[in-house]
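Quick notes on the structure that follows.
There are 2 protein chains.
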Amino acid sequence: MPEPRFRRRKEDRPQEITDAAMAAFAEKGYAATKVEDVAKRAGVSKGLLYLYFKTKEELFKAVVRSFVVPRIDELSAIIDAHEMSSEAFLRGPFLDFVKTLPGSPISILVRLMIAEGPKHPDLLEWYWDNVVSRGLSALTVLVERGVENGEFRPTVVNELPHLFVMPVVFSVIFKYLFEKRCPDTDKMIETQMDLLIAHMKGDKT
Amino acid sequence: MPEPRFRRRKEDRPQEITDAAMAAFAEKGYAATKVEDVAKRAGVSKGLLYLYFKTKEELFKAVVRSFVVPRIDELSAIIDAHEMSSEAFLRGPFLDFVKTLPGSPISILVRLMIAEGPKHPDLLEWYWDNVVSRGLSALTVLVERGVENGEFRPTVVNELPHLFVMPVVFSVIFKYLFEKRCPDTDKMIETQMDLLIAHMKGDKT
DNA sequence: TTCCTTACTGACTCGTAGGTCAGTAATCAT
DNA sequence: ATGATTACTGACCTACGAGTCAGTAAGGAA
C-alpha cells in the first residue's frame, strides 16, 4: 500500500500558507513574489492556495493580520498586567517590548506596509484602527496618568506620543536599508526614552 | 508646409523622461508603473526611452540621482556659508531645511528607496556614500564643534547624530501612510530638536 | 466494499508589460 | 537640392505570472 500522495488537512493549510507567504514576501517583496512560489514553499499546489485565498491581494492582507494580531495581544497583556508607575513601566516592560521589534518579523511587516500599504486602503484602515491608533492611545493614557500622579509635568509630549515610537520605525528602516552600517538600535531607543522622560520630569540630564 | 511630427531634442530628453518617471513612480510605485506610461507622460515613444535608458531599472536609478543631487548641493551650500554657533545653526538653517523635506518630492524618494532599495544594492551604496554618510558626518562635525566651543557637553548624541534625522524619516512615512491622521510634522521635528539641544546643554527644559 | 463528498492537483488560458528593431523623418553638411 | 546621419516612432515579439477548472484521490459513511 503506497504512501498517499497528499493528506487532506483543511484546518492547517491557511496558517501554513500565510507562513510561507510571509517568508517569501520578506525575501522578495510583494510584487516580486510569485504565488506559485508561495504554494511550493507551503508544499501545496497553486490551485489549493486559490481555494483558501481568492486573490494574491487577499493573501497579503491575511499575512499582515495573522502576524500582527499575536503581537497586539502580547502587548495588551503586558499593559493590563502592570501595576507600576508610568516611568517604571515605560523604562521596563515597554522598553523591553519595543527593543525586540527591530529584530523580529514585525519589521518585515512594517517594510511591506510602507511598500504596499497605499495600494490596499482597507488594510491600512484596519492597521490604523487595530495597531497604530490603539498603541498611541495606550501611550497617551500612560503619560497622562504620569501627569496626574505628579511624576511628570504636562508637556508637548502629551499630544505627541509618536516621539516614543519614532526610534523604532527609524531603526527598522535603517537596519533594513543599511544593515551593515546601522548603529546600535537598542542604544538609540533607550536614549530617546531618556530624553523624553527627562523632559517630562523637567530634570537635568 | 506641415508642422513636423516631432523635434529632435537630444539634450532635453533625459531630464524630461526622468521627471515624467518621478511623477509616475510617485503615483503608482515602481513595480506598478509601466514604462510605456512614463514615455507617454514625457511625450515620447517607448523606443526612444529605451535609447536613453537601457532598462527600467536604469531609469529608476537615474531618477533617484537626478532628484537627490540638487538637494545635496543645496544643503552643502547652506553648511559652507554659515558662520554661526552650532546651536544657532541647528535651530536656524538646518531646522528650516529639514522641515521642508516631508512635503517635498524627496519624501517620494525615501518611500521608493524603502520599497525598492534592496533590489538595487549599487544604488543603495551610492545613496549611502552621497547622502546618508555625508549628512551624518556633517551633523557630527557640528555637534563636536559645539562641544569644543563649550556650547554643549559631550554626550551620547555625539555618536548618534541619527537622532536629529529620525523625526524626518518618521514624518515622511507616517504622512504617506496615514495622511489624514498625521500629526503636525513641523512640531514633531522642532520638539525633537528642543529635546536634543536641552540634553546637550544639560539644561532643564 | 462501495459510494459520496470534497480537499487537492497541475496543465491550461490569457492579459500584460519589458524590451527590440526595421523603418521614417528631422537636421546638418556639402 | 541631395545625400548622410541619427533622433525618433510604433508595431511587434516574448516571457511570465495571476487566476481557472476539469479531473483525481483521500477519507468518511453506510
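From first to last, the protein sequence lines stand for chains B and R. Take the first sequence: its letters are residues 1 to 205, numbered as in the working numbering. Take the second sequence: its letters are residues 1001 to 1205, numbered as in the working numbering. All C-beta atoms in this analysis are idealised placements derived from N, C-alpha and C, irrespective of residue type, glycine included. Bear in mind that the values here come from a model prediction, so they are computed numbers and not experimental data.
Query, Result
"Assigned secondary structure, B/S137 (DSSP; H/G/I helix, E/B strand, else coil)", "helix"
"Straight-line gap, R/E1116 to R/Y1030 (C-alpha atoms, nearest Å)", "7 angstroms"
"Boundaries (first-last residue) of the alpha helix (DSSP H) holding R/V1172", "H1162 to F1178"
"Environment of R/Q1015 [buried if 16+ CB atoms lie within 10 Å]", "exposed"
"Counted within 10 angstroms of its Cβ, other Cβ atoms place B/I72 as buried (16 or more) or exposed", "exposed"
"Closest by C-alpha distance to B/Y176, when choosing among B/D203, B/S107, B/P4 and B/E3", "B/S107"
"Whether B/T18 touches B/F25 by CB criterion (8 angstroms)", "no"
"Opening and closing residue of the alpha helix (DSSP H) in which B/K99 lies", "L95 to T100"
"Any C-beta of chain R under 8 angstroms from that of B/L59", "no"
"Backbone CA spacing between B/S137 and B/R153 [nearest angstrom]", "19 angstroms"
"Cβ pair count under 8 angstroms reaching 3, the region 1125-1135 of chain R against the region 1170-1186 of chain R", "no"
"Chain R residues whose Cβ lies nearer than 9 angstroms to that of B/R181", "W1128, V1132 and S1133"
"Cβ of B/I189 within 8 angstroms of any chain R Cβ", "no"
"Cutoff 7 angstroms; reference R/I1079; Cβ partners in own chain excluding five residues on either side", "A1138"
"Spatial distance of R/S1086 from R/L1075 (CA atoms)", "16 angstroms"
"4-residue-minimum alpha helix (DSSP H) runs that sit fully inside the region 1053-1114 of chain R, ordered along the chain", "1056-1081, 1086-1089 and 1095-1100"
"Buried/exposed call for R/L1051, threshold 16 Cβ in 10 Å", "exposed"
"Separation of R/F1006 from R/A1039, as counted between CA atoms", "14 angstroms"
"Integer-rounded CB distance, given that R/L1095 should sit under 8 angstroms from R/E1190", "7 angstroms"
"Residue-chain proximity (B/P199, chain R), Cβ-Cβ < 8 angstroms", "The displayed chain sequence assigns His, not Pro, to residue 199 of chain B. Interface residue, yes."
"Chain R contact for B/A81 (CB, 8 angstroms cutoff)", "no"
"Residue interval of the alpha helix (DSSP H) (run including R/A1042)", "V1035 to A1042"
"Selection from B/P93, B/K99, B/V35 and B/P105 that minimises the alpha carbon distance to B/K46", "B/V35"
"Partner residues on chain R for B/H120, Cβ-Cβ distance less than 7 angstroms", "Correct list: empty, because the minimum Cβ distance to chain R is about 11 angstroms."
"Straight-line Cα distance separating R/H1199 from B/K187", "16 angstroms"
"Under 9 angstroms from the C-beta of B/M22: neighbouring residues of chain R", "Per Cβ cutoff of 9 angstroms: no residues; B/M22 is ~17 angstroms from chain R at best."
"Residue environment, R/V1168, which counts as buried when at least 16 other CB atoms sit within 10 Å", "buried"
"From R/R1009, R/K1056 and R/L1048, residue whose alpha carbon lies closest to that of R/M1022", "R/K1056"
"Cβ shell of B/F277 (< 7 angstroms), same chain only, five flanking positions each side left out", "Nothing can be reported for residue 277 of chain B, as the shown portion of chain B is limited to 1 through 205."
"Short Cβ contact (8 angstroms threshold) for B/R111 with R/I1114", "yes"
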